[in-house]
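Q: What follows is a structure written as structure tokens; I'll ask about it next.
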Amino acid sequence: MINLSNDCSLEFLVASGALAFDGRGYPWERLRLWNNKLDPSVFDAIVLKTLTYKPREGNWRWYNSHQVVKWLHNKQAEVIGHVNSIGLTNPGFDAWFKNIAPRLNPKWNFIVSIASADAAELIAMGQKLNSLPLVAVEFNSSCPNSPSERSLLDNTEEVVFLARRLKQATKHPLIIKVSYQQNYLEIVDLLEDYVEAVAINSVPWNIVYPGQKSPLPKKFGQGGVSGLAAQPFTWEMVRKISRQGVVPVIGTSVWSYADLAKLKSIGARAVAFGSVFIKTLFSSNLPNEYAHKWQKEHGIF
Ligand SMILES: Cc1cc2nc3c(=O)[nH]c(=O)nc-3n(C[C@H](O)[C@H](O)[C@H](O)COP(=O)(O)O)c2cc1C
């Protein structure tokens, strides 16, 4: 469990992107909400899909989900994860704040994820979020599919600078989201006094499958890998960040119930469910089941 400075605690989270911009999920997930299979109130926080200051077209369109998110299979044709190149498609912070934030379900707990390589934009978003009752703010410094923020992937100093400025602007606890190709241990070390948890992003295709062609259409780039296929990389991060012992880490890439215990044993202090939400698209309430089962069998994570 991660105890935040605002007395909220984190054990089970919904990862950014899994339940859209309001926690109600995508159209196919709404079916599950309506028949009570998916219960977002179970989670300590739903991290909303990342917002940028200005509206961002990205790669996703209502008609092309199957092109920007692809299922990955092993040789036995079992699903082992996803590769996506959505590219931070979003309505922009102000439109979200005006139209979506007022309709957030007050019974659910939210973390707002924001991305920018511009300090003034991050500060403006951070300040505005102060009027909302959030669990935390997450700074996504590591989207593998976003050209505007790509400069952050190999610029530790800039990520640290931006996160510190954002922290000065927000009253909420700050979470930093990092990815495998960043110098994440140095980032975490330099942000010890500014962030209260570390989240982990998907892993660039060329790191997981070097030399192999991504199933995404070329125009969308190679994408980021999540789920079981990403575990060797995301779990290496969990191990290293936990061993570093500076900021608690949120484990990721859960693919089965047994993964919760494995993540705990390598030092994860909480768990975020991402790709597993789309593992069995129309029927998956796996994250709900896993959280319930864990609480019944072990109590606190
Ligand atoms: C379809 C999809 C959309 C995503 N959108 C975002 C996003 O907007 N912001 C973000 O920080 N991470 C996003 N992610 C990354 C997840 O939040 C998570 O960090 C990543 O998938 C690794 O966790 P997992 O292996 O458990 O899925 C997305 C992932 C997927 C599969």
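Here the sequence shown stands for residues 381 to 681, where the numbers follow the numbering used here. Just so it is clear, CB atoms sit at the ideal spot from N, CA and C, and this is done for glycine as well. All figures in this text were calculated on a predicted structure; none of them were measured in a lab.
Quick check: what's the CA-CA separation for A481 versus D402?
A: The alpha-carbon separation between A481 and D402 amounts to approximately 8 Å.
Q: In chain order, what residues of the same chain lie with their CB nearer than 6 Å to the CB of A497, ignoring the 5 residues before and after it?
A: E529, S531 and L532
Q: Is DSSP giving S385 helix, strand or coil here?
A: coil
Q: Do K434 and G472 have their C-beta atoms within less than 7 Å of each other?
A: yes
Q: Are L393 and A652 touching if we call contact CB-CB under 7 Å?
A: Taking 7 Å as the Cβ cut-off, L393 and A652 qualify as a contacting pair.
Q: Does the beta carbon of A425 fall short of 6 Å from some heavy atom of ligand 1?
A: no
Q: For N682, which residues from the same chain have a beta carbon less than 6 Å from its beta carbon, with the 5 sequence-adjacent residues on both sides left out?
A: A query on residue 682 cannot be resolved here, the shown segment of the chain reaching from 381 to 681 and no further.
Q: My output table needs one value for L431: the three-state DSSP class, helix, strand or coil.
A: strand
Q: In whole angstroms, what is the alpha-carbon distance linking N383 and N489?
A: Those two C-alpha atoms are separated by around 15 Å.
Q: Look up P407 in the DSSP assignment and say whether it is helix, strand or coil.
A: The DSSP-derived three-state label of P407 is helix.
Q: Taking 7 Å as the threshold (C-beta atoms), are I466 and N448 in contact?
A: Checking the displayed sequence, the identity of residue 448 turns out to be Val instead of Asn. For V448 and I466, yes; Cβs fall inside 7 Å.
Q: Please name the residue or residues paired with W615 in a DSSP beta bridge.
A: DSSP lists no partner for W615.
Q: If you reduce the DSSP assignment to three classes, tell me which class R436 lands in.
A: strand
Q: From what residue to what residue does the alpha helix (DSSP H) around W585 run?
A: W585 to V588
Q: Is the beta carbon of S633 closer than 7 Å to that of Q602?
A: no
Q: Could you work out which residue in L542, C523, W615 and I491 is closest to P513 when comparing CA atoms only?
A: Ranking L542, C523, W615 and I491 by Cα distance to P513 puts I491 first.
Q: Could you check what DSSP says for V629 in three-state terms: helix, strand or coil?
A: strand
Q: Less than 7 Å between the C-beta atoms of P595 and K450, yes or no?
A: For P595 and K450, yes; Cβs fall inside 7 Å.
Q: Is A648 near ligand 1, in the sense that its beta carbon is under 6 Å from a heavy atom of that ligand?
A: A648: no, Cβ never under 6 Å from ligand 1.
Q: Taking the alpha carbon of L542 as the reference point, which residue from M617, K417 and I503 has its own alpha carbon closest?
A: I503
Q: Quick one: grab the DSSP three-state call for S493.
A: strand
Q: Tell me which same chain residues have a C-beta within less than 6 Å of the C-beta of P420, skipping the five on either side of it?
A: G403, I426 and W488
Q: Alpha carbon to alpha carbon, what distance is there between L570 and L608?
A: 30 Å
Q: In angstroms with no decimal places, state the Cα-to-Cα distance between W615 and Q548.
A: 31 Å
Q: Would you tell me roughly how many angstroms separate the C-alpha atoms of L468 and L428, rounded to the nearest one?
A: 12 Å
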